[in-house]
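This report concerns only the one structure given below.
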Amino acid sequence: MDKIADKIEREISIQAPIATVWEVITKPEYISQWFGSQVEIDVRQGGKGRLVWGENVEASLEIVAVEKPYRFSFLWVAPDEETRATHQQTLVEFKLIENNDETKVCLTESGFEKLEITAEQKATLIVNHTSGWGEFLSNLQRCAQNISTKA
Numbered sequence: 001m002d003k004i005a006d007k008i009e010r011e012i013s014i015q016a017p018i019a020t021v022w023e024v025i026t027k028p029e030y031i032s033q034w035f036g037s038q039v040e041i042d043v044r045q046g047g048k049g050r051l052v053w054g055e056n057v058e059a060s061l062e063i064v065a066v067e068k069p070y071r072f073s074f075l076w077v078a079p080d081e082e083t084r085a086t087h088q089q090t091l092v093e094f095k096l097i098e099n100n101d102e103t104k105v106c107l108t109e110s111g112f113e114k115l116e117i118t119a120e121q122k123a124t125l126i127v128n129h130t131s132g133w134g135e136f137l138s139n140l141q142r143c144a145q146n147i148s149t150k151a
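If you count the sequence shown from 1, position 50 lands on 50 in the numbering used here, and the numbers rise without skipping.
As structure tokens, then:
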């Protein structure tokens with residue numbers, strides 16, 4: 001059987017200053033526009049958070065690193081049935097790289113290999129999360145660029 005990838009890596013360039021992108025990634029009022037519909041988050045190392053989508057889908061998280069405005073990472077129990085039931089976590093990390101008035105966002109979600117679920121469940125989880133991050137990063141891009149053009 002093929003080895004299952006341990007991480008998802010995605011990148012997107014955003015036509016907005018790094019300070020704007022940082023705020024959109026870390027402030028609840030912006031996170032709710034691109035990621036979860038309800039957001040509670042204590043943005044400091046060791047801080048806790050909660051994301052809610054709809055009525056029954058929720059994820060808890062713990063902040064691992066806050067290096068303003070370059071790096072933000074958290075462990076989360078993703079909202080997938082398999083990981084929620086067993087409280088298993090993956091690590092999500094955002095790295096921001098400034099280039100003039102553009103910011104490159106590098107997202108990595110890792111730790112799939114250590115999840116104690118079946119290989120089939122892991123493969124499905126990775127496919128779902130890869131697709132989800134594509135959508136969320138597009139939303140993040142729109143949100144940050146809209147804020148940047150209003151400034």
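Every residue, glycine too, gets a C-beta built ideally from N, C-alpha and C.
(request) Please list, in chain order, all residues of the same chain as Arg10 whose beta carbon is under 7 Å from its beta carbon, the five residues on each side excluded. (result) Leu107, Trp133, Gly134 and Leu137
(request) Report the rounded CA-to-CA distance for Gly49 versus Tyr70, giving the unit in angstroms. (result) 20 Å
(message) Within the continuous alpha helix (DSSP H) that includes Arg142, where are the two ends?
(response) Ala119 to Lys150
(request) Leaving out five residues on either side along the sequence, give the residues of the same chain with a beta carbon under 7 Å from the beta carbon of Thr26. (result) Val43 and Phe72
(message) Between the alpha carbons of Ala19 and Gln38, how many angstroms are there, rounded?
(response) Cα to Cα, the separation comes out at about 23 Å.
(request) Out of Val64, Val66 and Thr90, point me to the one whose CA is closest to Trp76's CA. (result) Of the listed residues, the one whose Cα sits closest to Trp76 is Thr90.
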